[in-house]
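Just so we're aligned, residue 65 is where the sequence shown starts under my numbering, counting upward by one.
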Amino acid sequence: MAQGSGMPAMPLSFARSGDDVTVARVRGNDAIKRHLENLGFVEGSRVHVVSASGSNIIVMVKGARFGLDAKVAAHVMTA
65 MAQGSGMPAM PLSFARSGDD VTVARVRGND AIKRHLENLG FVEGSRVHVV SASGSNIIVM
125 VKGARFGLDA KVAAHVMTA
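The following block contains the structure:
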(Lines of atoms letter the chains of each structure in order from A and count residues from 1; the text may use other names and numbers.)
(Lines give C-alpha, C1' and ligand atoms only; values in the text may rest on other atoms or scores of the structure.)
Protein backbone atom coordinates (compact mmCIF):
# COMPACT_ATOMS: atom_id res chain seq x y z
CA MET A 1 0.00 0.00 0.00
CA ALA A 2 1.73 3.12 -1.15
CA GLN A 3 0.01 6.24 0.06
CA GLY A 4 1.25 9.75 -0.45
CA SER A 5 1.20 12.45 2.17
CA GLY A 6 -2.06 13.81 0.73
CA MET A 7 -3.94 10.59 1.43
CA PRO A 8 -6.25 10.51 4.44
CA ALA A 9 -5.41 8.23 7.35
CA MET A 10 -7.26 4.91 7.54
CA PRO A 11 -7.59 2.40 10.35
CA LEU A 12 -5.03 -0.41 10.49
CA SER A 13 -7.97 -2.83 10.50
CA PHE A 14 -8.55 -1.92 6.79
CA ALA A 15 -5.01 -2.95 5.75
CA ARG A 16 -4.48 -6.11 3.71
CA SER A 17 -1.90 -8.87 3.97
CA GLY A 18 1.46 -7.68 2.63
CA ASP A 19 0.76 -3.97 3.17
CA ASP A 20 3.42 -1.72 4.67
CA VAL A 21 1.94 1.31 6.42
CA THR A 22 3.05 4.09 8.76
CA VAL A 23 1.28 4.93 12.01
CA ALA A 24 -0.23 8.42 11.70
CA ARG A 25 -1.85 8.50 15.14
CA VAL A 26 -3.43 6.32 17.81
CA ARG A 27 -6.93 7.18 18.94
CA GLY A 28 -9.14 6.01 21.77
CA ASN A 29 -9.18 6.40 25.53
CA ASP A 30 -5.96 6.81 27.50
CA ALA A 31 -5.75 3.11 28.41
CA ILE A 32 -5.97 1.83 24.82
CA LYS A 33 -3.58 4.51 23.56
CA ARG A 34 -1.04 3.66 26.26
CA HIS A 35 -1.37 -0.08 25.56
CA LEU A 36 -0.83 0.34 21.81
CA GLU A 37 2.04 2.78 22.31
CA ASN A 38 3.73 0.29 24.66
CA LEU A 39 3.52 -2.28 21.84
CA GLY A 40 5.28 0.14 19.47
CA PHE A 41 2.35 1.75 17.69
CA VAL A 42 3.61 5.33 17.87
CA GLU A 43 3.44 8.08 15.28
CA GLY A 44 5.90 7.39 12.47
CA SER A 45 6.34 3.67 13.20
CA ARG A 46 6.40 1.38 10.16
CA VAL A 47 4.01 -1.56 10.32
CA HIS A 48 4.05 -4.62 8.04
CA VAL A 49 0.79 -6.55 7.80
CA VAL A 50 1.67 -10.25 7.87
CA SER A 51 -1.89 -11.55 7.72
CA ALA A 52 -5.34 -10.02 7.82
CA SER A 53 -8.54 -11.96 8.19
CA GLY A 54 -12.03 -10.80 9.09
CA SER A 55 -11.61 -10.31 12.82
CA ASN A 56 -7.84 -10.53 13.38
CA ILE A 57 -4.70 -8.95 11.99
CA ILE A 58 -1.10 -10.06 12.47
CA VAL A 59 1.50 -7.32 12.12
CA MET A 60 5.23 -6.74 12.53
CA VAL A 61 6.15 -3.50 14.28
CA LYS A 62 9.65 -2.61 15.49
CA GLY A 63 10.82 -6.19 14.96
CA ALA A 64 8.02 -7.81 16.96
CA ARG A 65 5.02 -9.74 15.69
CA PHE A 66 1.62 -9.05 17.22
CA GLY A 67 -1.87 -10.36 16.71
CA LEU A 68 -4.59 -7.76 17.14
CA ASP A 69 -8.35 -7.96 17.17
CA ALA A 70 -9.84 -5.82 14.38
CA LYS A 71 -11.59 -3.66 17.02
CA VAL A 72 -8.22 -2.82 18.59
CA ALA A 73 -6.53 -2.33 15.20
CA ALA A 74 -9.23 0.22 14.34
CA HIS A 75 -7.67 2.57 16.93
CA VAL A 76 -4.41 2.74 14.94
CA MET A 77 -4.71 5.25 12.10
CA THR A 78 -2.25 4.68 9.27
CA ALA A 79 -1.02 6.58 6.25
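Beta carbons: idealized from backbone N, C-alpha and C, even for Gly.
All values derive from a computational prediction rather than experimental measurement.
From the DSSP output, read off the bridge partner residues of residue i.
i: D133; result: N120
Please determine, among the options, the residue with the shortest C-alpha to C-alpha distance to residue i.
i: M124; options: M141, G104 and G108; result: G104
i: A143; options: D83, A88, S81 and A79; result: A88
i: S117; options: A73, K97 and S81; result: S81
With a Cβ-Cβ cutoff of 7 Å, do residue i and residue j count as a contact?
i: A134; j: S115; result: no
i: G131; j: I122; result: yes
i: V25; j: V90; result: For the chain, the structure presents residues 65 to 143; residue 25 sits outside this window and is missing.
i: D83; j: V113; result: yes
Excluding the five sequence neighbours on either side, which residues of its own chain have a C-beta within less than 6 Å of the C-beta of residue i, listed in chain order?
i: L76; result: A137, V140 and T142
i: F78; result: none
i: R129; result: none
i: G92; result: H139
So, at 8 Å on beta carbons, what are the nonlocal neighbours of residue i in its own chain, with the 5 sequence-adjacent residues on each side left out?
i: E101; result: V90
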